[in-house]
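This is the structure we're talking about:
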């Protein structure tokens, strides 16, 4: 193994054991650093110059989305900072280059409330029409998953990793382990949602105890991200909804609806588990119905008495 690749493997182990990064972050780092290692013409750390870095970074903008380029650059920066920290290089080549670019703002896609109502109604109708205990149990779980996505704004990965001990329906709280192993507690504020979760917990109690996870599949294994996506797609089709709905859109809808209801953005930041208020502020661009209401009902123009029937001379 060459010097650069050895350093990458050592760094990834450092990220796993010392920085305690999660598996998805480690996978992204590995992809980004291996791509860099394969693309550059040297295997020696001392041969990596600012010019070499610039020649590698420049074409990325033509083959990757801005968000991906930003991540790849961040992965490289962190790697070279580690090399400098461990005295494996005497000079960090990133100190000699400036990488700045404007990242386009992509507004989060939300689900209209009438569409959500249609989706949930279709799910409850399917439950009422279920003919076998197997169908009834599966639909109960699917409803519990969907209701919790919208009720809490939880990420799909967080939902799938919920342990039985994380869900306290007596206290009406969910303990969530977010990005960077940060904990947050979310209250279940809606009685209908609480009731369906209680029904689900009662029905699946035996399987939960055996598996340890709160949401489980028909094989009594933890529910996967892909399974949740299939659940949403299945009932979206059954409800004849044209819009493509993803699990993450429930999170966007949760945040946007709260913002439009005048909830302080810092409370929303805390509930979403965002590390920075800047991330949460993206939802201020989405809250158009609230803006429409303000400009229609509160703008002073509505109180002006202006005569518009004067004839021009």
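Numbering (my numbering), first residue to last: 454 to 766.
Using N, Cα and C, we set each Cβ at its ideal position, and we do this for glycine too.
Residues near residue i by beta carbon distance below 8 Å, same chain, minus five either side
{"i": "residue 635", "result": "726, 728"}
{"i": "residue 701", "result": "608, 609"}
{"i": "residue 673", "result": "660, 663, 664"}
{"i": "residue 684", "result": "595, 598, 599"}
Nearest to residue i (by Cα), restricted to the options the options
{"i": "residue 747", "options": "593, 735, 720, 713", "result": "713"}
{"i": "residue 625", "options": "730, 613, 645, 631", "result": "645"}
{"i": "residue 434", "options": "621, 508, 566", "result": "Because the chain here runs from 454 to 766, residue 434 falls outside it and cannot be looked at."}
{"i": "residue 719", "options": "683, 707, 734", "result": "734"}
{"i": "residue 549", "options": "757, 472, 530", "result": "530"}
{"i": "residue 571", "options": "695, 730, 721", "result": "695"}
{"i": "residue 579", "options": "691, 460, 755, 463", "result": "691"}
{"i": "residue 460", "options": "532, 506, 476, 493", "result": "532"}
{"i": "residue 647", "options": "623, 670, 699, 584", "result": "623"}
{"i": "residue 606", "options": "757, 724, 487", "result": "724"}
DSSP three-state assignment for residue i, whether helix, strand or coil
{"i": "residue 473", "result": "coil"}
{"i": "residue 674", "result": "coil"}
{"i": "residue 620", "result": "strand"}
{"i": "residue 488", "result": "helix"}
{"i": "residue 626", "result": "strand"}
{"i": "residue 592", "result": "helix"}
{"i": "residue 608", "result": "coil"}
{"i": "residue 517", "result": "coil"}
{"i": "residue 751", "result": "coil"}
{"i": "residue 718", "result": "helix"}
Beta-carbon proximity check, residue i vs residue j, cutoff 8 Å
{"i": "residue 843", "j": "residue 522", "result": "With the chain represented from 454 up to 766, any question about residue 843 goes unanswered, as that position is not in the structure."}
{"i": "residue 542", "j": "residue 499", "result": "yes"}
{"i": "residue 600", "j": "residue 631", "result": "no"}
{"i": "residue 597", "j": "residue 643", "result": "no"}
{"i": "residue 590", "j": "residue 662", "result": "no"}
{"i": "residue 706", "j": "residue 593", "result": "no"}
{"i": "residue 457", "j": "residue 490", "result": "yes"}
{"i": "residue 616", "j": "residue 667", "result": "yes"}
{"i": "residue 528", "j": "residue 475", "result": "no"}
{"i": "residue 516", "j": "residue 552", "result": "no"}
Buried versus exposed call for residue i [16 or more other C-beta atoms within 10 Å across all chains shown]
{"i": "residue 680", "result": "buried"}
{"i": "residue 563", "result": "buried"}
{"i": "residue 540", "result": "exposed"}
{"i": "residue 814", "result": "With the chain covering 454 to 766 only, the question about residue 814 has no answer from this structure."}
{"i": "residue 546", "result": "buried"}
{"i": "residue 697", "result": "exposed"}
{"i": "residue 518", "result": "exposed"}
{"i": "residue 640", "result": "exposed"}
{"i": "residue 722", "result": "buried"}
{"i": "residue 688", "result": "buried"}
Other residues of its chain near residue i: CB distance less than 6 Å, five sequence neighbours each side excluded
{"i": "residue 628", "result": "619, 638"}
Contacting residues, own chain, Cβ-Cβ under 7 Å from residue i (five flanking each side not counted)
{"i": "residue 479", "result": "465, 468, 469"}
{"i": "residue 652", "result": "593"}
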